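*Asks:* Chains as they are written, first to last, in this note's numbering: chain R, 88 to 420; chain H, 65 to 388. Even for Gly, the Cβ is constructed at its ideal location relative to N, Cα and C. Here the structure is a predicted model, which is why all the values come from computation and not from measurement.
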């Protein structure tokens, strides 16, 4: 048996943003404030697997996506891609790595130059990351990619506005695949699409994963989509991971009170006329997060310890890791 | 006795263009009883929001009601002028939109906006209006309503702003509320709170709600009946449980099975190939026939009307007796 091979390993990743600090703030003697958008997140993704990241807006999941592909530098922490630390990599090493991972964004239209033809949009990563490719190679590859994602080679002469939302997302997947990457970061790839188109794109992504052994970091606020796509899932709340585990177990036996809240509140088809007991409260402002466990103001199991001490992720003995004092103390069901 | 709060009959909305006229909503009819929540679901461009806008008289030109009738609380409203419609809007029918900031004035406090709306429609003095405003804020679940009354919209979070908009819509105790994607911009835990609030309105105040959304899950939990729209027409209309558990239109059936469910381990989702046609290229016959797995010759030729099968209505030749 071969050891599982993590393609991407993120360890204790942090990204803090400074809030604007004006002259007035200084005169009033206010201290500088930072937003801890990502505050100590660790993720390990094995080759050919999908890691799903869920959480509500502002929890830091998109910042993790941007950090993972190097679109912004982390404040601290390591990102290792195929055992190479992205922060320590030499320039040449980094550009070799760059072709091996790509990103798919939520809104395909705003991630495309609307004045370019589809051929140029799909070929752009090859032109920048593989400058040695000949024009004939590129043209052949563009035809092949468009057919692969369910469009036709003739579409390469068209412009983005001639396509529907779902077709544009197919184009951005073709672009992401152009350098034959092994790893795709997908940030809410179907959130802007209608459900019937969403299922087409999710099926396409699964087919591509099977055919090319792709590894995905799949980010979405939609729990059912993440549940469908992922092998492992991480739940984020205010910049921290509160629960990580195998998808099937996390969704059938959620441990953290926040994961339970999310699963309780997601509207589902089989809950006709369901009378929920909505949990009160909202996600607090990340500029001024609560002390201790940041979920404690909304948590039904809160104790003095939760208000004081930030819980760390601990294995629950059945494959899931949970950051919760109540679970650790055996107070949670 | 007519107990319908809302009746829409053969509504047709057109967008005249230079060379042709686009039909965005065609032959849509439905009724809404007191306290009932009707979900209107469909993909973008299906005409669901336009139908809602036509009911409250907020259709933007060049869009216009080309034919059909709309009654709200027994009064015909589709032929009213802007001044008369203004009186009905807010008084008999309230509106909630996706982005709460489109309904709120950022320069006025929440209290000023509530008091102004209340006094426009109800014969109350300033103090009475203020008391009503505070109790409305409490009713929609805003903590510390006395203090919140004095604050501006930017001091509220997204979920709290949507509650303020619901309070505004409730100012004059309307009989009908048109809610267009009221939870789409909100996170799931907040969405659940707003859905709970909308359901309570129907139960406690007898307010009827037309809930326009693309989210079948929201409809399943909230609505009593659901209307499924496709290319401007009703494809299916029936009780929520019937439409979700035993959809009769192939489009509804495809839509339901293409939604992933939590914990369900499927390798592939069901998919409806293709996409909804644009208004400029609506196919002949049944507009769904090019994507329909059951399409036969008649579907290409003739457009099916809504058939009533014991209260569950469907526009599909598969269910027509003359086909069998």
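Verify whether the separation of the beta carbon atoms of residue 169 of chain R and residue 94 of chain R is less than 7 Å.
*Replies:* The residue given as residue 169 of chain R occupies position 82 in the first chain. The residue given as residue 94 of chain R occupies position 7 in the first chain. Yes; because the gap between Cβ atoms is below 7 Å, this pair is in contact.
*Asks:* Taking all protein chains shown into account, do 16 or more other C-beta atoms lie within 10 angstroms of the C-beta of residue 97 of chain R, making it buried, or fewer, making it exposed?
*Replies:* For this step, residue 97 of chain R is matched to residue 10 along the first chain. It is buried - the Cβ of residue 97 of chain R has at least 16 other Cβ atoms within 10 Å.
*Asks:* Does DSSP put residue 213 of chain H in a helix, in a strand, or in coil?
*Replies:* Within the second chain, numbered from 1, the residue matching residue 213 of chain H stands at position 149. Residue state, collapsed to three classes: coil.
*Asks:* Hey, how far is the Cα of residue 284 of chain H from the Cα of residue 171 of chain R?
*Replies:* On the second chain, position 220 is the one that residue 284 of chain H refers to. On the first chain, position 84 is the one that residue 171 of chain R refers to. Going from the Cα of residue 284 of chain H to the Cα of residue 171 of chain R covers about 48 Å.
*Asks:* DSSP three-state label for residue 213 of chain R, please.
*Replies:* Against the first chain, residue 213 of chain R aligns to sequence position 126. Three-state DSSP puts residue 213 of chain R in a helix.
*Asks:* Expressed to the nearest angstrom, what Euclidean distance is found between the alpha-carbon atoms of residue 256 of chain H and residue 201 of chain H?
*Replies:* To locate residue 256 of chain H, count along the second chain from 1; it is residue 192. To locate residue 201 of chain H, count along the second chain from 1; it is residue 137. Spanning the two alpha carbons is a distance of roughly 18 Å.
*Asks:* Identify each residue in the stretch 300–312 of chain R for which the Cβ-Cβ distance to at least one residue of chain H is less than 9 Å, and report them in chain order.
*Replies:* Answer in chain order: 308, 309, 310, 311, 312.
*Asks:* Among H:264, H:277, H:254, H:278, whose alpha-carbon lies nearest the alpha-carbon of residue 370 of chain R?
*Replies:* Stepping through the first chain from its first residue, residue 370 of chain R is reached at position 283. The option with the nearest alpha carbon to residue 370 of chain R is H:254.
*Asks:* Flag residue 330 of chain R as yes if its beta-carbon sits less than 7 Å from any beta-carbon of chain H, otherwise no.
*Replies:* Counted from its first residue, the first chain places residue 330 of chain R at position 243. No, residue 330 of chain R lies away from the interface with chain H (no Cβ there is under 7 Å from its Cβ).
*Asks:* For chain H, is any of its Cβ atoms less than 7 Å away from the one on residue 267 of chain R?
*Replies:* Looking up residue 267 of chain R in the first chain gives position 180. Cβ-Cβ to chain H under 7 Å: no for residue 267 of chain R.
*Asks:* Should residue 246 of chain H go down as buried or exposed, given a rule of 16 or more other Cβ atoms within 10 Å for buried?
*Replies:* Numbered from its first residue, the second chain carries residue 246 of chain H at position 182. So residue 246 of chain H counts as buried.
*Asks:* Which residues in chain R sit within 7 Å of residue 107 of chain H, going by Cβ to Cβ distance?
*Replies:* As a working note, residue 107 of chain H is residue 43 in the second chain. Simply 281, 283.
*Asks:* Checking 7 Å against the spacing of the C-beta atoms, do residue 111 of chain H and residue 296 of chain H come in under that value?
*Replies:* Taking the second chain and counting its residues from 1, the one referred to as residue 111 of chain H is at position 47. Taking the second chain and counting its residues from 1, the one referred to as residue 296 of chain H is at position 232. Closer than 7 Å, so yes.
*Asks:* In terms of DSSP beta bridges, what is residue 73 of chain H paired with?
*Replies:* Numbered from 1 along the second chain, position 9 holds the residue referred to as residue 73 of chain H. According to DSSP, which records beta bridges pairwise, residue 73 of chain H is partnered with H:133.
*Asks:* Can you tell me the Cα-Cα spacing of residue 274 of chain R and residue 80 of chain H, whole angstroms?
*Replies:* The residue given as residue 274 of chain R occupies position 187 in the first chain. The residue given as residue 80 of chain H occupies position 16 in the second chain. Roughly 39 Å separates the two Cα atoms.
*Asks:* Along the chain, where does the beta strand (DSSP E) that runs through residue 199 of chain R open and close?
*Replies:* Position 112 of the first chain, counted from the first residue, corresponds to residue 199 of chain R. Where residue 199 of chain R is concerned, there is no enclosing beta strand (DSSP E), given that its DSSP letter is neither H nor E.
*Asks:* Around the Cβ of residue 302 of chain H, are there at least 16 other Cβ atoms within 10 angstroms (buried) or fewer (exposed)?
*Replies:* Taking the first residue of the second chain as 1, we reach residue 302 of chain H at position 238. So residue 302 of chain H ends up on the buried side.
*Asks:* So the alpha helix (DSSP H) residue 349 of chain R belongs to, where does it begin and stop?
*Replies:* For the purposes of this step, residue 349 of chain R is taken as the residue at position 262 of the first chain. Counting along the chain, the alpha helix (DSSP H) containing residue 349 of chain R begins and ends at 344–352.
*Asks:* Return the chain-ordered list of same chain residues with a C-beta closer than 7 Å to the C-beta of residue 251 of chain H, the five sequence neighbours on each side being excluded.
*Replies:* Along the second chain, one-based indexing puts residue 251 of chain H at 187. So no residue of the chain qualifies.
*Asks:* Given residue 178 of chain H, which residues of its chain have a CB within under 7 Å of its CB, disregarding the five upstream and five downstream residues?
*Replies:* Walking along the second chain from the start, residue 178 of chain H turns up at place 114. Within the same chain, residue 178 of chain H has close Cβ partners 197, 200, 231, 232, 235.
*Asks:* Kindly indicate which three-state DSSP category residue 203 of chain H falls into: helix, strand or coil?
*Replies:* Here residue 203 of chain H refers to the residue found at position 139 when the second chain is read from its first residue. DSSP places residue 203 of chain H in helix when its eight states are reduced to three.
*Asks:* With 16 as the cutoff for other CB atoms within 10 Å, does residue 323 of chain R come out buried or exposed?
*Replies:* Residue numbering aside, residue 323 of chain R sits at position 236 when the first chain is read from its first letter. It counts as buried.
*Asks:* Return no unless some Cβ of chain R is closer than 7 Å to the Cβ of residue 335 of chain H.
*Replies:* Indexing the second chain from 1 puts residue 335 of chain H at position 271. Yes, residue 335 of chain H counts as interfacial toward chain R.
*Asks:* Cutting at 8 Å between CB atoms, please list the residues of its own chain near residue 204 of chain H, excluding the five before and the five after it.
*Replies:* Numbered from its first residue, the second chain carries residue 204 of chain H at position 140. Closer than 8 Å at Cβ, skipping near neighbours: 227, 228, 230, 231, 234, 261.
*Asks:* State the start and end residues of the unbroken beta strand (DSSP E) segment that holds residue 299 of chain H.
*Replies:* Residue numbering aside, residue 299 of chain H sits at position 235 when the second chain is read from its first letter. Taken as a continuous stretch (DSSP letters only), the beta strand (DSSP E) holding residue 299 of chain H covers 297–303.
*Asks:* Just the C-alpha distance for residue 187 of chain R and residue 154 of chain H, rounded to the nearest angstrom, thanks.
*Replies:* One-based indexing of the first chain puts residue 187 of chain R at position 100. One-based indexing of the second chain puts residue 154 of chain H at position 90. Approximately 57 Å between the Cα atoms of the pair.
*Asks:* Consider the Cβ of residue 308 of chain H: report whether some Cβ of chain R lies at a distance smaller than 7 Å.
*Replies:* Residue mapping note: residue 308 of chain H aligns to position 244 of the second chain, counting from 1. So yes, residue 308 of chain H belongs to the interface.
*Asks:* To the nearest angstrom, report how far apart residue 192 of chain R and residue 128 of chain R are at their CA atoms.
*Replies:* If you number the first chain from 1, residue 192 of chain R lands on position 105. If you number the first chain from 1, residue 128 of chain R lands on position 41. Their Cα atoms are separated by approximately 21 Å.
*Asks:* Can you tell which of R:393, R:288, R:113, R:189 has its C-alpha closest to the C-alpha of residue 333 of chain H?
*Replies:* Sequence index remark: in the second chain, residue 333 of chain H carries index 269 (1-based). Here the closest residue by C-alpha is R:288.
*Asks:* Does DSSP put residue 408 of chain H in a helix, in a strand, or in coil?
*Replies:* There is simply no residue 408 of chain H to check, as chain H begins at 65 and stops at 388 in what is shown.
*Asks:* Check each candidate in R:384, R:184, R:144 and name the one with the smallest Cα separation from residue 223 of chain H.
*Replies:* On the second chain, residue 223 of chain H is found 159 positions in, with the first residue counted as 1. The residue with the shortest Cα to Cα distance from residue 223 of chain H is R:144.
*Asks:* How far does the alpha helix (DSSP H) with residue 285 of chain H in it extend, from its first residue to its last?
*Replies:* As a first step, residue 285 of chain H is located in the second chain; it is residue number 221 there, counting from the start. Note, residue 285 of chain H: alpha helix (DSSP H), 280–286.
*Asks:* When you check each C-beta in the stretch 193–219 of chain H against every C-beta of chain R, which residues fall closer than 7 Å?
*Replies:* The stretch 193–219 of chain H vs chain R, Cβ under 7 Å: nothing.
*Asks:* My parser needs the alpha helix (DSSP H) runs of 4 or more residues fully inside the stretch 357–395 of chain R; what are they?
*Replies:* Listed in chain order, they are 391–395.
*Asks:* Using alpha carbons as the reference points, say which of H:328, H:281, H:298 lies closest to residue 308 of chain H.
*Replies:* For the purposes of this step, residue 308 of chain H is taken as residue 244 along the second chain, with counting starting at 1. Of the candidates H:328, H:281, H:298, the one whose C-alpha sits nearest the C-alpha of residue 308 of chain H is H:281.
*Asks:* Does the separation of the CB atoms of residue 330 of chain R and residue 409 of chain R fall below 7 Å?
*Replies:* On the first chain, residue 330 of chain R is found 243 positions in, with the first residue counted as 1. On the first chain, residue 409 of chain R is found 322 positions in, with the first residue counted as 1. A contact, by the Cβ cut-off of 7 Å.
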